[in-house]
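Start counting the sequence shown at 10; every next residue gets the next number (this note's numbering).
Have a look at the structure below, then the notes.
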Amino acid sequence: MAGTWSLVRLALRVDRVRLIVWVVAIVGVVVVFAGAIGELYPDEMSRRQLGASVAANPAFGAMLGPLQDPLSVGGLVTWRMSFFQMVLVPLMALQAVTRHTRAEEEAGRLDLVGSTVVGHRAPLTAALIVSIAASLLVGTLVAASLVVQGEAVVGAIALGAVYAGAGVMFAAIAAITAQLTETARGANGVAGAVLGIAFLVRGVADGAGEAGPTWLRWLSPVGWTTEVRPFAGERWWVFAVMAALVVVATGVAYVLVERRDIGSGLLPARLGPPEAAGWLASPFALAWRLQRSTLAWWTLGVFVTGLVYGFVAESVADLIDDVPGAAEMLERLGGAEVLSDAFIAATMGILGLIVAVYAISTLLRARTEEAGVRAEPVLATRVTRTAWLAGH
10 MAGTWSLVRL ALRVDRVRLI VWVVAIVGVV VVFAGAIGEL YPDEMSRRQL
60 GASVAANPAF GAMLGPLQDP LSVGGLVTWR MSFFQMVLVP LMALQAVTRH
110 TRAEEEAGRL DLVGSTVVGH RAPLTAALIV SIAASLLVGT LVAASLVVQG
160 EAVVGAIALG AVYAGAGVMF AAIAAITAQL TETARGANGV AGAVLGIAFL
210 VRGVADGAGE AGPTWLRWLS PVGWTTEVRP FAGERWWVFA VMAALVVVAT
260 GVAYVLVERR DIGSGLLPAR LGPPEAAGWL ASPFALAWRL QRSTLAWWTL
310 GVFVTGLVYG FVAESVADLI DDVPGAAEML ERLGGAEVLS DAFIAATMGI
360 LGLIVAVYAI STLLRARTEE AGVRAEPVLA TRVTRTAWLA GH
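As structure tokens, then:
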């Protein structure tokens with residue numbers, strides 16, 4: 010694998026800002042929440058009530074997993090921040106692998122790299138090293154921050170290892186999906202679909218409670234992260250299951266990379282019609298054609314999130330009834346005296362920020378089209394720059 014470490018240095022240089030933002034954002038939120046959760050639930054009574062409310066509402070289990078230790082700050086952080094270990098760290102890891110494999114190949118830069126003294130497997134190896142290193146850094150900083158704040162060392166190490174393990178698993182999965190499609194967008198889409206299905210399977214198992222089909226957790230890599238049980242009787246052997254997945258997935262990826270040509274994917278691209286439909290004649294129609302699938306997935310995600318918020322709102326009054334000042338704070342955030350209405354109003358503000366991310370990414374797609382030299386043929390016609398940008 011000649012040239013691997015040169016590619017690692019190149020990837021770190023290219024991603025130095027992006028990865029730093031990912032790591033700081035994830036670790037920063039965990040640190041801030043760990044410092045605030047003790048004040049929000051200061052005594053054993055309030056924490057026991059939280060545990061009872063979570064156990065009584067299946068929406069909490071489906072969204073965040075089981076609350077295994079409500080009596081310690083570490084246990085509360087593990088539960089409340091589980092979205093980070095189950096979704097955000099895997100997203101960071103899988104996107105890093107795709108960005109330095111399939112995206113480089115799609116842009117033609119890997120052809121230039123391949124003309125030098127670089128092994129055929131070196132780009133994939135370098136991408137995995139960078140992604141795994143970022144995941145390990147997140148896990149190390151999460152564990153260190155909890156230890157500094159006085160939490161149990163063993164539990165903190167277990168939680169940090171869970172964060173790192175989640176990222177490493179989906180880095181290995183992305184190594185496979187990068188060999189399947191011809192585009193980085195397709196590779197990210199397939200890897201993201203695997204993550205979404207894994208999250209859904211875990212949500213079904215946890216939403217049904219201990220009386221439900223808890224065995225479904227073992228069908229989901231996301232479910233394995235909750236089975237480690239940081240701060241609640243750690244199960245270290247679960248990491249062996251994660252390691253087995255990483256070894257197998259990485260091995261499969263290396264086999265697949267040898268069985269395809271540069272620029273091709275193992276899944277053949279679907280050929281389009283020989284002529285474009287008449288309704289595609291406008292810039293808006295073209296932008297719609299390019300972004301309709303993304304819009305559909307975002308719409309589905311927002312709908313499911315709103316559905317979960319609706320279920321949670323029914324028990325929000327019981328959840329914070331004994332927490333000093335929590336009801337007043339929620340009323341100020343939501344602007345309503347009825348706690349369920351205040352909760353919905355506050356969460357809709359957060360949901361609005363999430364939707365704003367989609368709006369920004371939609372506009373940035375115009376820049377992607379321009380950088381990929383796909384905007385030039387459109388602008389060479391009678392389409393003006395203003396009309397082309399307005400379509401996005």
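Positions of the beta carbon are idealized from the N, C-alpha and C atoms, including for glycine.
Quick caveat, the model's predicted, so the values are computed rather than measured.
Check, Outcome
"Spatial neighbours of T371 in its chain, beta-carbon cut-off 7 Å, leaving aside the 5 residues before and after", "Q300, H401"
"Neighbourhood of A196 by C-beta distance below 6 Å, restricted to the same chain and skipping five residues each side", "T107, R111, T186, A187, T190"
"Residue burial classification, E385 (beta-carbon count within 10 angstroms, cutoff 16)", "exposed"
"Environment of E267 [buried if 16+ CB atoms lie within 10 Å]", "exposed"
"Outcome for T395 when other beta-carbon atoms lying within 10 angstroms are tallied against a minimum of 16", "exposed"
"Limits of the unbroken alpha helix (DSSP H) element including M101", "98–108"
"Reference L146; option with closest CA among H109, R383, M101, W307", "M101"
"Reduced DSSP category for G343 - H, G, I as helix; E, B as strand; rest coil", "Bear in mind that the predicted position of G343 carries a pLDDT of just 46, short of 50, making it too unreliable to give a figure here."
"Environment of M251 [buried if 16+ CB atoms lie within 10 Å]", "buried"
"Residue range of the alpha helix (DSSP H) that includes E385", "384–388"
"Limits of the alpha helix (DSSP H) - the one that W233 falls within", "230–236"
"Whole-angstrom distance between V199 and A399, CA atom to CA atom", "29 Å"
"Cβ pair A181, T259 closer than 8 Å", "yes"
"For R194 and G310, the rounded distance between their alpha carbons", "18 Å"
"From R22, M90, A249, residue whose alpha carbon lies closest to that of V39", "M90"
"DSSP-derived helix/strand/coil call for G159", "coil"
"Cβ shell of F208 (< 7 Å), same chain only, five flanking positions each side left out", "M95, V96, V231"
"Closest residue to G319 among V41, P67, V203 (Cα-Cα distance)", "P67"
"Same chain, Cβ closer than 7 Å to L80, neighbours up to 5 away in sequence not counted", "E53, R56"
"Own chain, CB closer than 7 Å to T149, minus 5 neighbours either side, in chain order", "G169"
"Through-space distance from V33 to A116, alpha-carbon basis", "29 Å"
"Enclosing alpha helix (DSSP H) for A112 [first to last residue]", "111–116"
"Exposed unless 16 or more other CB atoms sit within 10 angstroms - verdict on R18", "exposed"
"Minimum C-alpha distance to W297 - residue among R279, A375, P239", "A375"
"Sub-8 Å separation of Q158 and A241 beta-carbons", "no"
"Contacting residues, own chain, Cβ-Cβ under 7 Å from R238 (five flanking each side not counted)", "Q77, R244"
"Pairwise C-alpha distance: V151 and G83", "11 Å"
"Whole-number beta carbon distance between M178 and V254, since they are thought to touch under 8 Å", "Residue identity check: residue 254 is Leu in the sequence provided, not Val. About 6 Å separates the two Cβ atoms, so the contact holds."
"Member of L103, L16, V98 whose CA lies at the smallest distance from the CA of V122", "L16"
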